[in-house]
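Asker:
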Amino acid sequence: MSKLLTEKYNFERIENQWKKFWEDKQLFKFRYNNQKPFFVVDTPPPYVSADHLHAGHIMSYAQAEFIVRYKRMRGYNVFYPMGFDDNGLPTERFVEKKYNLNKGKIKRSEFIKICLKETKKGSLAYKKLWNDLGISVDWSKTYSTISPLAVKVSQRSIIDLYKKKALYRGESPILWCPSCRTAIAQADLEDVEIESQMNYLKFKSGKKGLIIATTRPELLPACVALYINPGDKRYTNLVGKKAQVPLFKRSVPIKTSSEVVMDKGTGIMMVCTWGDQEDLAKWKTDKLDTRHILEQDGRLNKLGGKYQGLKIKVARQQIIDDLKKGDYLIKQESIKHSVNVHERCGTPVELIPSKQWFIRIINLKKKWLEYKDKLNWHPARMAKDYQMWVDSLKWDWCVSRQRYYGVPFPLWYCAKCKTPIFATEKDLPVNPIEEAPSIKKCPKCGHTKFEPETDVLDTWATSSCTPFLLKELVRDEKVKEKLFPATLRPNAFEIIRTWDFYSIVKSHYHFGKLPFKNIMISGHGQDEQGRKFSKRLNNYDPSDKLLKNWGADAIRYWATGSSLGQNLRFNPKEVKKGKRTTTKLWNVGRFLAINSEDSTLKNIKTATTLEYADIWIIEELNKTIQQVTEAFENYAYAKAKNELDSFFWSKLADYYIEFIKYRLNGDKKESRDMAQTTLSTVFLSVLKMYAPLLPFITEEIYQDLFKKTEARESIHISDWPKIIKIKTSTDIKDFQEALDAINEIRKYKTTQGISLGFELEEYSLKTKVNLPKYQELIKNAIKVKQLLPEIKSS
RNA sequence: GGGCGCUUAGCUCAGUUGGUUAGAGCGACUGGUUUACACCCAGUAGGUCGGGAGUUCGACUCUCUCAGCGCCCACCA
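Residues 11 to 804 (my numbering) are what the first sequence spells out, left to right.
Structural data, given as structure tokens:
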């Protein structure tokens, strides 16, 4: 007995049942078939440290999955693995915060143990969410970025980059986070608007002295020069002279540079080693003195004199106080400006010298832009984000991190001559802290003792390997070949400059080609007011609560609401609409179940007894199939949904079903059969088109009504609907007139307060319509006994 | 300061390469239930498509300009 006849729509039962079914049958397991083209999805491995999952996570993964399900029905060999990004700084910060730890106060091994425990928890939470949401990944193909496999792949990548001279070690002032106490990359920066004090300070020089504006007086002990614009008439007499730094009584040269902007501050630029990019540039080109003042822990060193050992902010305040006392502070004003902070912790970054490993990217900007042009961007405008990032690059990619929990550098140094000695490939994965290199002597000096590199890799240095990590998930060489490059890289826009860009960089160095052919960029989920979801604002429900309240299909329906790349506000009304859609599908299924004593589908293509309404609905369906298919091909799942909704609600449910009720209840067998056949054929197509968006309800109805006739295990591996070509000489170009006539009578009944089900004795149409042809349909569809033709007003 | 996006009915948004009376859902209002569905059906009201200028026979759609909002980048003297 069909559940459609005995139950009401109940998403909990349906979703639990089919979730389990898919898992038991391993329906989404990759099965190689050499007849089918490949569709390889390089899906983003989420940070398992993402504390709370919300509608934003649901949205971006669901949007990619709509396309994957569509492709599966189109007959592709879908390879859809899932990874978890569980190493690196994001995870460390998460653990530090949760357990109130910090790097300096805990043993490396202890720390790693806790990280592993937490990441395990995190990946389970994600797995549950993706399963509940019906994300059709192949769970037999998973990886974690801290797993031996991922470690091996990323260490191999590093070694290859070194061999190709794309990896080098450099020592210079680099971007440094004093809170995380590690080097970071340009991509790890974020702008934050803050309020600061602009201090106007008096420097001694000649009789008059100079006024210099600065927000960072704590860098005074590191001041090495002052610069003025050569055309600045206020200061021409100062060129070549010296000025004395207040409090510290040191003299620094006054130089000129055309880059100095006269109306900025007081028109005098103070160069310290090193406060900002400009300082660094001048220091390099003019070979200025080096007065390295800030240490890696963010404290002033002995050059700071009485301020030695103080943290930046404390030192700043004390120096300001002393400047006031010494009468050096002319005035102070509050300004708003943005500063670069480390995106993981919000701490303002500093330029601090240290020895780090870099991957060359600055010298190949042209190449990176060529790749941009070769890649298919969806939507196209996102290529601009990538371009702007490449244009704005100022540093090579710093990949070494002075942290604990990550992929170790596969590297030792000769204890005597410091020559770097990389691991050999057969020894990977390797942890140099615990293992020795396979060579016994330094190839340069013959020394036999080695020191391990204790740094770990930037988390992106691992995740950027995913395109070629994927092929390690299978054994068959033939299959491996087809898994790279991937077909699709789906992700949200904020990681274009990291995951996407770095993947392209690595793929270039290793293979000389793009790592993926298509890139699909989603927007962000937002709260109902359009704000970011954030823990601080407490403006979201956790994802498991959403799924429990509404069901996966309804939430997925909401996720179809934004066109690709656009942000999407959470909107309970859209979720409700999703729920209404699933209910409606259930009810149409029920209607079909009630009215089909014979569940086998007749071949509609050769039917000769199609009636006008049947032909009409098939033609409308064909248009819809064409539009929905085209939309999915263009990643326009939102448009696909709109076209489908409009056909399903306004054409199929509200009209066609009303049109055939009299035939289904009538005694003409042929007419009844044709109506049944048409309805089930059309409804099956509708279900299939909804299947990528609403996988649970469509599976339920398919299994109940259509599985027998289609002989497929699941709607999700059934064929995508095709245009139905029917052989008929019947012309229904004037069908719209019949619809207009029906609408006229509907309107009449409604405005008169008459029930649509009440049968009128007679009605005089105002609408022009071919009555001999359509009167049977009109009379029965809208219940009128006698139709009189159009009254011509005289 | 630069870039991108957004600005359409009270609300949330569609509007495909410029083409006849600008659409949907929700909300408001009116009416309708003896079997697919009240998580429903039928209908009504509601918009000078952010402002201005231009191109065109014709502009929500193309160009310029201005304004507001959002995001990214630059600016840290």
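Every residue, glycine too, gets a C-beta built ideally from N, C-alpha and C.
Pairing CB atoms from the stretch 453 to 460 with CB atoms from the stretch 397 to 414, are three or more of them under 8 Å?
Answerer: no
Asker: What are the start and end residues of each continuous alpha helix (DSSP H) run of 4 or more residues lying completely inside the stretch 287 to 348, in chain order?
Answerer: Fully contained in the stretch 287 to 348 are the following alpha helix (DSSP H) runs of length 4 or more, in chain order: 287 to 295, 322 to 335.
Asker: Could you check whether the stretch 304 to 321 touches the stretch 167 to 180, counting it as contact only if at least three pairs of C-beta atoms, one from each stretch, sit closer than 8 Å?
Answerer: no
Asker: Quick check on this structure: which residue in Y396, I711, Q637, R244 has the alpha carbon closest to the alpha carbon of D655?
Answerer: Walking along the first sequence from the start, residue 655 turns up at place 645. Checked all of Y396, I711, Q637, R244; the closest Cα to D655 is Q637.
Asker: In whole angstroms, what is the alpha-carbon distance linking S474 and L290?
Answerer: Start at 1 with the first residue of the first sequence, and residue 474 comes out as number 464. Start at 1 with the first residue of the first sequence, and residue 290 comes out as number 280. Whole-angstrom Cα-Cα distance: 30 Å.
Asker: Below 7 Å, is the gap between the Cβ of R260 and the nearest heavy atom of the ligand GTP?
Answerer: Among the components of this structure there are no ligands whatsoever, and the ligand GTP is therefore not found.
Asker: Identify the continuous alpha helix (DSSP H) that holds E487 and give its terminal residues.
Answerer: In the first sequence, residue 487 corresponds to position 477, counting from 1. E487 -> alpha helix (DSSP H) spans 487 to 492.
Asker: Where DSSP assigns a beta bridge to F770, which residues make up the other side?
Answerer: Position 760 of the first sequence, counting from 1, holds the residue named residue 770. Phe is not the amino acid found at residue 770; the sequence shown has Leu there. According to DSSP, L770 bridges with V794.
Asker: If you pair each beta-carbon of the stretch 629 to 636 with each one of the stretch 732 to 740, do three or more pairs fall below 8 Å?
Answerer: With the cut-off at 8 Å, the stretch 629 to 636 and the stretch 732 to 740 touch.
Asker: State yes or no: is the C-beta of S532 within less than 8 Å of the C-beta of P477?
Answerer: Position 522 of the first sequence, counting from 1, holds the residue named residue 532. Position 467 of the first sequence, counting from 1, holds the residue named residue 477. The answer is no: Cβ separation not under 8 Å.
Asker: Distance check for L574 and D286, CA to CA, integer angstroms please.
Answerer: Taking the first residue of the first sequence as 1, we reach residue 286 at position 276. Taking the first residue of the first sequence as 1, we reach residue 574 at position 564. A straight line joining the alpha-carbon of D286 with that of L574 spans about 38 Å.
Asker: Hey, I506 and D383 are a contact pair by Cβ (cut 8 Å); roughly how many whole angstroms apart?
Answerer: Within the first sequence, numbered from 1, the residue matching residue 506 stands at position 496. Within the first sequence, numbered from 1, the residue matching residue 383 stands at position 373. That pair is no contact at about 15 Å.
Asker: Measure the alpha-carbon distance for T283 versus K265 and round it to whole angstroms.
Answerer: Residue 283 sits at position 273 when you count from the first residue of the first sequence. Residue 265 sits at position 255 when you count from the first residue of the first sequence. The alpha-carbon atoms of T283 and K265 are separated by roughly 16 Å.
Asker: When you compare the CB positions of A160 and D468, do they come within less than 8 Å of one another, or not?
Answerer: The residue given as residue 160 occupies position 150 in the first sequence. The residue given as residue 468 occupies position 458 in the first sequence. No. Outside cutoff.
Asker: Between G66 and G540, which are expected to be in contact by the criterion C-beta below 8 Å, what is the C-beta distance as a whole number of angstroms?
Answerer: Here residue 66 is taken as the residue at index 56 of the first sequence, counted from 1. Here residue 540 is taken as the residue at index 530 of the first sequence, counted from 1. Actually they are not in contact, since the Cβ atoms of G66 and G540 sit about 13 Å apart, beyond 8 Å.
Asker: Measuring only the C-alpha atoms, how far is Y414 from N441?
Answerer: Residue mapping note: residue 414 aligns to position 404 of the first sequence, counting from 1. Residue mapping note: residue 441 aligns to position 431 of the first sequence, counting from 1. Their backbone Cα atoms lie some 12 Å apart in a straight line.
Asker: Can you give me the start and stop residues for the alpha helix (DSSP H) that Q746 sits inside?
Answerer: Here residue 746 refers to the residue found at position 736 when the first sequence is read from its first residue. Segment 745 to 761, the alpha helix (DSSP H) holding Q746.
Asker: What residue does the beta strand (DSSP E) around Q861 start on, and which one ends it?
Answerer: Past the edges of the chain, shown from 11 to 804, lies residue 861, and the structure says nothing about it.
Asker: Which residue from R260, G308, I278 puts its Cα closest to that of S267?
Answerer: In the first sequence, residue 267 corresponds to position 257, counting from 1. When each option's Cα is compared against that of S267, the closest is I278.
Asker: In the DSSP assignment, what residue or residues form a beta bridge with V105?
Answerer: In the first sequence, residue 105 corresponds to position 95, counting from 1. V105 pairs with nothing; no bridge assigned.
Asker: Using 8 Å as the Cβ pair cut-off and three pairs as the minimum, do the stretch 119 to 129 and the stretch 77 to 93 touch?
Answerer: no
Asker: With contact counted as at least three CB pairs below 8 Å, one residue from each stretch, are the stretch 417 to 431 and the stretch 479 to 497 in contact?
Answerer: no
Asker: Inspect the CB distances between the stretch 142 to 151 and the stretch 25 to 40 and report whether three or more fall short of 8 Å.
Answerer: yes
Asker: Let me know if N548 comes out buried or exposed under the rule of 16 or more other beta-carbons within 10 Å of its beta-carbon.
Answerer: Stepping through the first sequence from its first residue, residue 548 is reached at position 538. N548 should be labelled exposed.
Asker: Scan the stretch 628 to 652 and note each continuous alpha helix (DSSP H) run of 4 residues or more that stays entirely inside, going in chain order.
Answerer: Within the stretch 628 to 652, no complete alpha helix (DSSP H) run reaches 4 residues.
Asker: Would you give the residue range spanned by the beta strand (DSSP E) that H388 belongs to?
Answerer: Working through the first sequence from its first residue, we reach residue 388 at position 378. Residues 386 to 388.
Asker: Rounding to the nearest angstrom, what Cα-Cα distance links D12 and I725 in this structure?
Answerer: Working through the first sequence from its first residue, we reach residue 12 at position 2. Working through the first sequence from its first residue, we reach residue 725 at position 715. The amino acid occupying residue 12 in the given sequence is Ser; Asp does not appear at that position. For S12 and I725, the distance between alpha carbons rounds to 17 Å.
Asker: Tell me the DSSP bridge mates of V147?
Answerer: Within the first sequence, the letter at position 137 stands for residue 147. Its beta-bridge partners do not exist; DSSP assigns none.
Asker: Would DSSP call F89 helix, strand or coil?
Answerer: By one-based count along the first sequence, residue 89 stands at place 79. Three-state result, F89: strand.
Asker: Would you decide whether Y90 is buried or exposed? Buried here means 16 or more other CB atoms lie within 10 Å of its CB.
Answerer: Locating residue 90 in the first sequence gives position 80, where the first residue counts as 1. Classification for Y90: buried.
Asker: Spatial neighbours of P816 within its chain, please: CB distance less than 7 Å, with the 5 preceding and 5 following residues excluded, ordered by chain position.
Answerer: Nothing can be reported for residue 816, as the shown portion of the chain is limited to 11 through 804.
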